Amino acid sequence: MALFIDSAKKEEIEEVAKLGLIKGITTNPKLLATTKRPALDVIKELAVLSPGYLFYQLTEETLTEMEKEAYEFWGLAPEKIALKIPARTSNFTLLRKLGEKIPCAVTAIFSVEQAYLACELGARFLIPYVNRATRLQGDGIKLVRRMRKVIEALKSKAEILAASIKTTQEAVEAILAGAHHLSLPYELIIALGNHPLSEEAIKEFSQFIK
Numbered sequence: 001m002a003l004f005i006d007s008a009k010k011e012e013i014e015e016v017a018k019l020g021l022i023k024g025i026t027t028n029p030k031l032l033a034t035t036k037r038p039a040l041d042v043i044k045e046l047a048v049l050s051p052g053y054l055f056y057q058l059t060e061e062t063l064t065e066m067e068k069e070a071y072e073f074w075g076l077a078p079e080k081i082a083l084k085i086p087a088r089t090s091n092f093t094l095l096r097k098l099g100e101k102i103p104c105a106v107t108a109i110f111s112v113e114q115a116y117l118a119c120e121l122g123a124r125f126l127i128p129y130v131n132r133a134t135r136l137q138g139d140g141i142k143l144v145r146r147m148r149k150v151i152e153a154l155k156s157k158a159e160i161l162a163a164s165i166k167t168t169q170e171a172v173e174a175i176l177a178g179a180h181h182l183s184l185p186y187e188l189i190i191a192l193g194n195h196p197l198s199e200e201a202i203k204e205f206s207q208f209i210k
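Note that the UniProt record's numbering numbers the sequence shown so that position 197 is 197, with each residue one more than the last.
What follows is the structure, given as structure tokens:
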């Protein structure tokens, strides 16, 4: 199991990396846009900070443009860059083509059918939007559970990287449902290790320290 920070902020990434809490970084167009810098520059910088995979989401409109974009960004750090391909039938052709050489994830998954197709065409990672699926469809955790069953039925090597997680409880539920990895914002990663009762116990013990 690996924990990825969902961020494009250097300060956040450096902090959790120093604590040894993450195995890599996930980004998306919205996060990169908040930096107000060229995406190529940001990804190049983050690749140095990332202890493992750094996920970049393809944004171009046509398959030809997406393929060009894929190699442009992957070329920044071939040993670290993984590509996120939005879940859409027309994009799966690109998945098969790129996946032979580059680690690829299918992102924005909202159905088991999408997960099945991604597995069949060689996706290394499957990224369901857990909380958004719960809000819009009723049960994002159930989606994760069914995706894991598909992976096992196909004996696929694909791994679930659960994203769009809003609480620590939801994070744990995603793991229990079968997610292999989690993509969490900085605040949730820090919150995972904290609890009010732990703070009370620490304070209680501190009075006995001379």
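From the three backbone atoms N, C-alpha and C, an ideal C-beta is built for every residue, glycine too. Computed from a predicted structure; not experimentally measured.
Inter-residue CB distance, residue i and residue j (contact presumed, cutoff 8 Å)
i      : j      : result
Leu161 : Ile189 : At roughly 15 Å, the Cβ-Cβ gap does not stay under 8 Å, so Leu161 and Ile189 are not in contact.
Ala133 : Ala105 : With 8 Å as the limit, Ala133 and Ala105 do not qualify as a contact, their Cβ atoms being about 16 Å apart.
His180 : Phe4   : Not a contact, Cβ separation roughly 11 Å.
Residue i burial status per 10 Å Cβ neighbour count (16 or more: buried)
i      : result
Met1   : exposed
Tyr71  : exposed
Ile22  : buried
Val48  : exposed
Phe205 : exposed
Phe208 : exposed
Leu197 : exposed
Ile43  : buried
Leu32  : buried
Ser90  : exposed
His201 : According to the sequence as given, residue 201 is Ala; it is not His. The residue is exposed, with fewer than 16 neighbouring Cβ atoms inside 10 Å.
Residue i vs residue j beta-carbon contact at 9 Å
i      : j      : result
Val144 : Gly178 : yes
Leu76  : Ile102 : no
Trp74  : Ile85  : no
Lys18  : Tyr186 : no
Met66  : Ile109 : no
Leu117 : Asp6   : no
Leu154 : Glu100 : no
Leu94  : Leu63  : yes
Pro29  : Thr59  : yes
Ile165 : Ala158 : no
Reduced DSSP category for residue i - H, G, I as helix; E, B as strand; rest coil
i      : result
Pro78  : coil
Asp6   : strand
Ser198 : helix
Gln169 : helix
Lys84  : strand
Phe55  : strand
Phe205 : helix
Thr134 : helix
Phe92  : helix
Ile22  : coil
Pro128 : strand
Leu121 : coil
Ile102 : coil
Proximal residues to residue i (C-beta, below 8 Å), its chain only, five neighbours per side dropped
i      : result
Leu173 : Per the sequence shown, the amino acid found at residue 173 is Glu instead of Leu. Correct list, in chain order: Ile141.
Leu46  : Ala8, Lys10, Ile13, Ile25, Thr27, Leu54
Leu40  : Glu72, Phe73, Leu76
Leu98  : Glu67, Ala70, Leu83, Ile85, Cys104
Pro51  : Ala17, Ile22, Lys23, Gly24
Glu15  : Tyr186
Thr168 : Leu188, Ala191, Leu192
Cut-off 7 Å between Cβ atoms - residues of its own chain near residue i, not counting five sequence neighbours on either side
i      : result
Glu170 : Val130, Asn131
Contact test: residue i Cβ vs the ligand GTP heavy atom, cutoff 8 Å
i      : result
Ala174 : Of the ligands one can find in the structure shown there are none, so the ligand GTP has no counterpart to examine.
Cβ shell of residue i (< 6 Å), same chain only, five flanking positions each side left out
i      : result
Ala87  : Val106, Ala108, Ile109, Gln114
Ser156 : Cys119
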